[in-house]
Amino acid sequence: LMNIINTIDMEENQVKAHGTAVSRQKMMASNLQKQLEERKAIAKAEAEERNRYVEEQKKKISEWQKEEKLCEISEKEKSAQLGTERQEQIEKRKIQREREAKELRDAELERVEKIKQELLEDEKLRVAKIMEERKRLEGVKLENVKNEEIRRKKREDEAKLDAKLMREYKERVDREEQARVDAFNARLARYEKIALQREEAGFNKLERERILRVEQKILREALAKEKADIEREKRDKRTKKQKQIKIGEDNRKMLEDKAYA
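In terms of our numbering, the sequence shown opens at residue 71 and continues consecutively.
Below, the structure written as structure tokens:
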């Protein structure tokens with residue numbers, strides 16, 4: 071019996087629970103339906119708002135296009151009105167530019183022609199100077215040739231004179247040397263004769279040899295002095311000749327420097 075009662079209670083509880091669940095489901099369905107309708111209303115309102123916005127934008131665009139068209143027409147009319155004046159200004163500026171360009175070309179041609187004439191004059195002067203310088207150099211060259219010929223002849227004459235003087239000097243030295251040798255031999259013979267006479271008169275041999283040594287010393291000193299005088303004369307001649315050659319070279323160099331200055 072208790073089991074039956076428990077079963078009945080359980081079934082009643084299930085029925086109550088089912089009723090409660092059904093009520094909840096109905097309430098939820100009602101709420102969902104209400105929310106759906108609210109959303110549809112909101113969507114409809116949003117759609118209508120979008121449509122109104124689109125229509126307003128279309129209207130504004132249409133009005134803007136009309137205004138733009140009117141402005142374009144106005145600009146075209148203004149351009150048409152100003153076109154002639156603008157074209158005239160363009161033509162005037164073009165003519166002015168062409169005139170200025172022609173003036174510049176003419177001035178440039180005149181300047182170029184002037185420069186050409188100046189260059190021609192400069193070239194003529196340069197050629198004239200070159201010819202004058204060439205003529206002067208030819209004259210200097212001819213003068214140098216003449217001077218060189220004169221110097222060459224002078225050198226030949228000096229060489230001949232030096233050779234002649236050297237021959238004469240050698241002959242004189244040879245003669246003087248021979249004369250000194252002859253004088254020495256004569257003096258030696260005389261000393262020997264005197265020594266012999268003295269020896270015969272009582273002078274001994276030692277005295278004769280002493281006298282001979284003194285005489286020989288005097289003769290050697292005289293010969294040394296003569297030789298030194300000859301060497302000094304030779305040096306003086308060489309120095310004089312070197313100075314003459316140096317002076318000639320300096321004069322020739324001065325003439326060449328003057329010719330090419």
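Beta carbons: idealized from backbone N, C-alpha and C, even for Gly.
- The alpha-carbon of residue 203 is positioned some 30 Å away from that of residue 183.
- Each of 132, 217 and 188 was checked against the Cα of residue 324, and the nearest Cα belongs to 217.
- Taking one beta carbon from each stretch, the segment 289-308 and the segment 239-250 have 3 or more pairs nearer than 8 Å; the two touch.
- Apart from the 5 residues on each side of it in sequence, residue 219 has no Cβ closer than 6 Å to any other Cβ in its chain.
- Only residues of its own chain outside the window of five on either side were considered, and among them none has a CB closer than 7 Å to the CB of residue 98.
- Non-local C-beta neighbours of residue 196 in its own chain, meaning closer than 6 Å and more than five positions away in sequence, are absent.
- Exclusion of the five residues before and after residue 311 leaves no residue of its chain whose Cβ lies closer than 6 Å to its Cβ.
- Looking from the CA of residue 235, the closest CA among 110, 307 and 112 belongs to 307.
- As the crow flies, the alpha-carbon of residue 181 is around 37 Å from that of residue 206.
- Taking the Cα positions, residue 230 is about 18 Å away from residue 313.
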